[in-house]
Amino acid sequence: MKAIIIDDENRARISLEIMIKEFCPTIEIIASCENLTEGVKAINKLKPNIVFLDIEMPNFNGLDIDKFFDMNDIDFELVFTTAYQEYALKAFKLNAFDYLLKPINPEDLINTIERINRKKIIPIEIKTDVPIEKIAVPTANNLLFLETKNIIYIKGEGAYSDVIIKDQKHILVSKNLKNFEDVLASDSRFVRVQKSYIVNFDFIVSVSKTNGGTLHLINDIQIPIATDKIQSILDKIIILKK
Numbered sequence: 001m002k003a004i005i006i007d008d009e010n011r012a013r014i015s016l017e018i019m020i021k022e023f024c025p026t027i028e029i030i031a032s033c034e035n036l037t038e039g040v041k042a043i044n045k046l047k048p049n050i051v052f053l054d055i056e057m058p059n060f061n062g063l064d065i066d067k068f069f070d071m072n073d074i075d076f077e078l079v080f081t082t083a084y085q086e087y088a089l090k091a092f093k094l095n096a097f098d099y100l101l102k103p104i105n106p107e108d109l110i111n112t113i114e115r116i117n118r119k120k121i122i123p124i125e126i127k128t129d130v131p132i133e134k135i136a137v138p139t140a141n142n143l144l145f146l147e148t149k150n151i152i153y154i155k156g157e158g159a160y161s162d163v164i165i166k167d168q169k170h171i172l173v174s175k176n177l178k179n180f181e182d183v184l185a186s187d188s189r190f191v192r193v194q195k196s197y198i199v200n201f202d203f204i205v206s207v208s209k210t211n212g213g214t215l216h217l218i219n220d221i222q223i224p225i226a227t228d229k230i231q232s233i234l235d236k237i238i239i240l241k242k
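With UniProt numbering, the residue at position 172 of the sequence shown is 172, and numbering never jumps.
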């Protein structure tokens, strides 16, 4: 996997790079950046799998990353590296994969990389057409276990997601839409129909191809479709109905 380090302290960047080379040799450092602006350019150009990001930096701090990316749709694992523990809650609200305190303990770094590896490997191994029965979703105070058959759709709200279930109840979950897309990847009922929505195709009533395209679900719910996905969605509906 490829990684980018973003930290305003040159010593910290060098130290982390040496540690990664020694303890996590499968990780290739493809860029080392001294500020967030430079880091964002590197991320967009080089497409890393992991970004190690410091928080306390001049101009833009690490938590400002949501000003440059839709945290609902990032395709890299974000690992904050900082000496300040008080930023942890804000970091995880940005859907950070992990939060490493400086000075970084090699065992913590190894653990983080191992968990990222497992996350990358497991979805490939479990790809099936068997519906997922339940998923665990974190809310403000609880961990809820939802039956997927009752989920009508999921709407991305930045670093959060709004899960709408059959009784029209809305559940705000502290995970972004990309997380749900990964978790539900093996369940053919759930499809990301545009940037902000994942829909359970079991609840589709009709499809309108006018005005850019709209999915009509139960309870008079209407979901806009990305124009370039209309035909593939129609094809999928035909496949599912066979």
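Yeah, the Cβ is synthetic: ideal placement off N, Cα and C, and Gly gets one too.
- Assigned with DSSP and collapsed to three states, T37 falls in helix.
- When C-alpha distances from F190 are compared across P131, R115, L16, D7, the shortest belongs to P131.
- Looking at Y197, D182, L143, I204, the one whose alpha-carbon comes closest to that of S174 is L143.
- Boundaries for E56: no beta strand (DSSP E) harbours it, and the DSSP string shows neither H nor E there.
- Following the DSSP letters along the chain, one finds E157 inside the beta strand (DSSP E) bounded by residues 151-157.
- Listed in chain order, the non-local C-beta contacts of Q222 below 8 angstroms within the same chain comprise T214, L215, H216, local neighbours out to five positions each way being set aside.
- Counting only runs of 3 or more residues that sit fully inside the UniProt domain "HTH LytTR-type" (135-239), the beta strand (DSSP E) segments are 143-147, 151-157, 160-165, 170-173, 190-194, 197-200, 204-208, 214-217, 222-224, in chain order.
- Counting only unbroken stretches of 3 or more residues, the beta strand (DSSP E) elements lying wholly within the UniProt domain "Response regulatory" (2-117) are 2-6, 28-33, 50-54, 77-82, 98-101, in sequence order.
- Looking at the backbone, the Cα of Y153 and that of D220 are separated by about 13 angstroms.
- T210 is classed as exposed because its beta carbon has fewer than 16 other beta carbons within 10 Å across all chains shown.
- Counting only the Cα atoms, K166 lies some 49 angstroms from E17.
- Counting the other Cβ atoms within 10 Å of the Cβ of Y99 gives 16 or more, which makes it buried.
- The residue among I116, F97, R11 with its C-alpha nearest the C-alpha of T26 is I116.
- By the Cβ neighbour-count rule, Q194 is buried, with 16 or more other Cβ atoms within 10 Å of its own.
- If the five residues before and after E28 are omitted, its C-beta is found closer than 8 angstroms to the C-beta atoms of M1, K2, A3, all from its own chain and listed in chain order.
- Per the coordinates, the alpha-carbon of P138 lies some 20 angstroms from the alpha-carbon of V79.
- With contacts defined by Cβ atoms closer than 7 angstroms, F68 and N49 do not form a contacting pair.
- Of the other Cβ atoms in all chains shown, 16 or more fall within 10 Å of the Cβ of R192; this residue is therefore buried.
- Sequence-distant partners of Y87 (beyond 5 residues in either direction) whose C-beta falls short of 6 angstroms from its own C-beta, in its chain, are I55.
- The C-alpha of I20 lies about 11 angstroms from the C-alpha of I5.
- In this structure, S188 lies away from L177, with their beta-carbon atoms at least 7 angstroms apart.
- In this model, I218 and S15 are separated by some 55 angstroms (Cα to Cα).
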